[in-house]
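Here is the structure we will look at.
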Amino acid sequence: MWKDLLHFHRGHSLILDKDFFLSGRGRLDPQAEMEATIEVYFIREHKIKRESGDTDIVCIYPARYTWLNEKLGLPNFRIDADVCPVLTQWARLDQIESVSVLYVSGYLGNPASSFGHVLLNLKIKGQDELMGLFDTSITYGATVPLNENILLYVLKGLFGGYYATFSDKFFYTHDQVYTNREFRDMWEYTLELTDFEKKMLIYHIAELLTKKFRYYFLSANCAQRMAVLLDIFLDENLHSYRYPAYVPEELFHQMEIIDTERRNKNKSGLIKSIRYIPSAQRYLFYETERLTGEERKTFRDVMKSQQEDFSPLLDELDTQSRINILNALLAYQYYKLMASNEAEADQRLKEFKNKILLARLGLPAQKENPVTIPEIPSPREVSPPSSFNTGLVFERGNDPFPSAGVTVFRKESVGMNALEYNELVALNLVIGVRSDSGRVFVDTFDFLKISDFKTYCIKETKENPLS
Amino acid sequence: MKKVAIMMLLVGMMIAATSSSYATETKDLQGIYEQCGLGGLLFPRWPVGASVSNFTWDFGSTASTSGLTTPDACKGGQAKLAAYIYNSYDSIEKDLAKGDGKYLDMLSMLSGKTTEEKDAFIQDVRTQFRAIVARDNYSSLSRLEKAKLVFALVTGVTNNS
């Protein structure tokens, strides 16, 4: 585990910051780093500089020292609020009930997010009703200069031109971006970890925050680093460096495999539960779907009115219907504002939204009747994104020919692996062999193929489903 | 909506936390903003409104921050409330309109209200919020300006109840 805590791979640590290591040779020599770590424990002097926060060395490397204490029994070893007040407050070990891994669905509005994203949440007890808004949420991503040229952005992302770091935020900030701004569904997989595994994971995250790794979009990305991070504390492996590419869905497939293997051996599984978090767009769709016929007609009439005073349209309806319509109208206006980018939104759109807002504020507050949203299959329920295949191809006018292909990532437009009317294929190669001449040829090659259709058409607004 | 995220990068610049000293008196949201920055408040610096999916954006400083090194004054109490209102403004606004929702429940909790006090707190905030929305210039206000008004409203209701 010591090498894993230093993120060693092929003879060196993947962490690039010199101040992660207490020995001058620490990046290349794990034993020297261990000796230096033990030595610093006893002399309590080190050169790690922080602008603020804890300064005691055990607070800066809590996972290393906890592990060493387990192995060696360090004298007077303590990590508590007296020794490490900032770490203790951040780690919230007494409040963190579990650890979860979140899959954020792919987002075709940003090439870097096409394959989805992974978050790791440290979940606070008793926050279920509040959807864990103040859970500590860990993400991993490359740091990109502002105004980066798009070509450089792609090339540097693919070939290691960026640094990447782990960073921490409260979960509500992610909920704002992914659920409400980018309309992405999420699935939260809560893991079955022992208290010691959970503590070590949290402590190690504290060691890693802000430390630089090199970023590769296809291989050393958010999913890969999260998998490697979890592997330190699991008996099994979610990731192998043999994989040429590692996309977020792969992580969840591996979790499913490990979970099944454990349960087949009558052990407790890896996955405790899965929670589906629908996007605001999906919520809007089902909120408008439940309007009555008369309410739908009024919804449409208000939408047509735009700059006019729409209050007469609502006057003849009872209070409940007015509330239902205004709630749905408001949800739709936020959707339009987000879709048009809030900062650049048309002033008329903002004014219309505020008219609806004011009308709704004039009616009584009301506990919301929960919208029933059918779950869509989680990543573990769909086919793996990468595949090898062989087959026999029949084409009209040509003789059948055998083929072999490899696909690094595929989300199709139909079937269980569907991206709901969208299609995304990356690095797909199919080679065929002519049975008569034996000639080998490339039948299909897709570097990146994207077909993007709007998933949900809000009927009342007559939106065009093609985009 | 389907524009490449690069185009969204210019949205929402923020100021990084800079000062290590912090006065203990009550500050308004502007004071907290100047001290800690928003969006980047509490935890690392990300542009508000930008697509942050798999990348973070460098504002010219190579030093990164985290919840472990953020100054205490920018982590708890008013700073936490200020950041929450600013970052979640649309969701809070929508929940206030309905008088229900998880973002409103959390606002009540951050304001120190018990379950028994929540309904009265929401009622008070909602009534005063309606007066803010009814202003002629509400549609022209920036998110920061609107967040300042709601922050003052919420702290006022909290202190007077």
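Protein sequences, first through last, are from chains H and W. Our numbering puts the first sequence at residues -3 to 463. Our numbering puts the second sequence at residues 29 to 189. The beta carbon of each residue, even a glycine, is placed where N, CA and C say it ideally should be.
Taking Cβ positions only, does H:Tyr272 come closer than 7 Å to chain W? Residue-level contact by beta carbon fails for H:Tyr272 and chain W, as no gap is shorter than 7 Å.
For a contact meaning CB atoms closer than 7 Å, what does W:Ser139 contact in chain H? In chain order: nothing, as chain H lies at least about 14 Å away.
Could you tell me whether any Cβ in chain W is nearer than 7 Å to the Cβ of H:Leu118? Taking Cβ atoms only, chain W never reaches closer than 7 Å to H:Leu118, which makes this a no.
In this structure, how does DSSP classify H:Val97 when only helix, strand and coil are distinguished? DSSP places H:Val97 in the strand class (E or B) of the three-state scheme.
CB-CB under 6 Å to H:Leu214, same chain, minus the five flanking residues each way: which ones, in chain order? Closer than 6 Å at Cβ, skipping near neighbours: Ala241.
Backbone secondary structure at W:Gly77 - three-state DSSP: Unreliable placement is indicated for W:Gly77, whose pLDDT of 35 sits below 50; the coordinate value is still reported in the next sentence. In this structure, W:Gly77 counts as coil in the three-state DSSP scheme.
Using only alpha-carbon positions, find the residue among H:Phe17, H:Leu116, H:Leu357 and H:Leu2 that is nearest to H:Trp63. The shortest Cα separation from H:Trp63 among H:Phe17, H:Leu116, H:Leu357 and H:Leu2 belongs to H:Leu2.
Can you check whether the C-beta of W:Gly127 is within less than 7 Å of a C-beta belonging to chain H? True, the Cβ-Cβ gap to chain H drops below 7 Å.
Confirm, please, whether the CB-CB distance from H:Leu118 to H:Phe167 is below 7 Å. No, Cβ-Cβ distance for H:Phe167 and H:Leu118 is not below 7 Å.
Got a sec: which bits of the region 149 to 162 of chain W sit with their beta carbon under 9 Å from any beta carbon on chain H, in order along the chain? The residues in question are Ile150, Gln151, Arg154, Thr155, Phe157, Arg158, Val161 and Ala162.
6 Å CB neighbourhood of W:Lys141 in its chain, flanking five on each side removed: Taken in chain order, the residues that qualify are Phe149.
Can you tell which of H:Leu205, H:Arg6 and H:Ala355 has the C-alpha that lies nearest to the C-alpha of H:Ser307? Closest option to H:Ser307, Cα to Cα, is H:Ala355.
In terms of residues, what are the limits of the beta strand (DSSP E) holding H:Pro141? Here the beta strand (DSSP E) through H:Pro141 covers Thr132 to Pro141.
Measuring CA to CA, which of H:Phe4, H:Glu283 and H:Glu290 is closest to H:Glu312? Nearest C-alpha to H:Glu312: H:Glu290.
So what does H:Asn385 bridge to, in DSSP terms? Residue pairing by DSSP places H:Asn385 opposite H:Gly401 in a beta bridge.
Sheet register partners of H:Ser269 (DSSP bridge): Beta-bridge pairing by DSSP links H:Ser269 to H:Thr186.
For W:Tyr114, go through chain H and note every residue whose CB falls closer than 7 Å to its CB, in chain order. Simply none; closest approach about 11 Å.
In or out: W:Ala91 buried (at least 16 other Cβ within 10 Å) or exposed? Reliability of the predicted coordinates at W:Ala91 is poor, the pLDDT of 37 falling under 50, and no value is obtained from them.
Looking at chain H, which residues of the region 162 to 176 of chain W have a Cβ within less than 8 Å of any of its Cβ atoms? So the close ones are Ala162, Tyr166, Ser167, Ser168 and Arg171.
Sort H:Ile53, H:Gly428 and H:Lys293 by Cα distance to H:Phe390 and report the nearest one. Here the closest residue by C-alpha is H:Gly428.
Measure from the alpha carbon of H:Ile273 to the alpha carbon of each residue in H:Arg21, H:Arg296 and H:Val97, then state which is nearest. Closest option to H:Ile273, Cα to Cα, is H:Val97.
Of the residues H:Leu357, H:Ala335 and H:Glu93, the one placed nearest H:Thr186, counting alpha carbons only: Checked all of H:Leu357, H:Ala335 and H:Glu93; the closest Cα to H:Thr186 is H:Glu93.
For H:Ala32, does the three-state DSSP call read helix, strand or coil? Three-state DSSP puts H:Ala32 in a helix.
Using a Cβ-Cβ cutoff of 8 Å, what residues of the region 359 to 377 of chain H are near chain W? List them in chain order. Along the region 359 to 377 of chain H, the positions whose C-beta sits under 8 Å from a C-beta of chain W are Pro360, Ala361, Gln362, Lys363 and Glu364, read in chain order.
Per-residue DSSP class, three states only, for H:Asn394: The answer is coil: DSSP assigns H:Asn394 none of H, G, I, E or B.
Below-7 Å beta-carbon distance, W:Lys130 vs any chain H residue: Taking Cβ atoms only, chain H reaches closer than 7 Å to W:Lys130, which makes this a yes.
Are the Cβ atoms of H:Leu225 and H:Leu234 separated by less than 7 Å? Contact flag unset, no.
By alpha-carbon positions, which one of W:Val185, W:Gln151 and W:Asn165 ends up nearest to H:Pro360? Per the Cα distances, W:Gln151.
Could you give the distance in angstroms between the alpha-carbon of H:Tyr330 and the alpha-carbon of H:Gly434? Near 59 Å, if we compare the C-alpha coordinates of H:Gly434 and H:Tyr330.
W:Ser119: buried (16+ other C-beta within 10 angstroms of its C-beta) or exposed? By the neighbour-count rule (16 or more Cβ atoms within 10 Å), W:Ser119 is buried.
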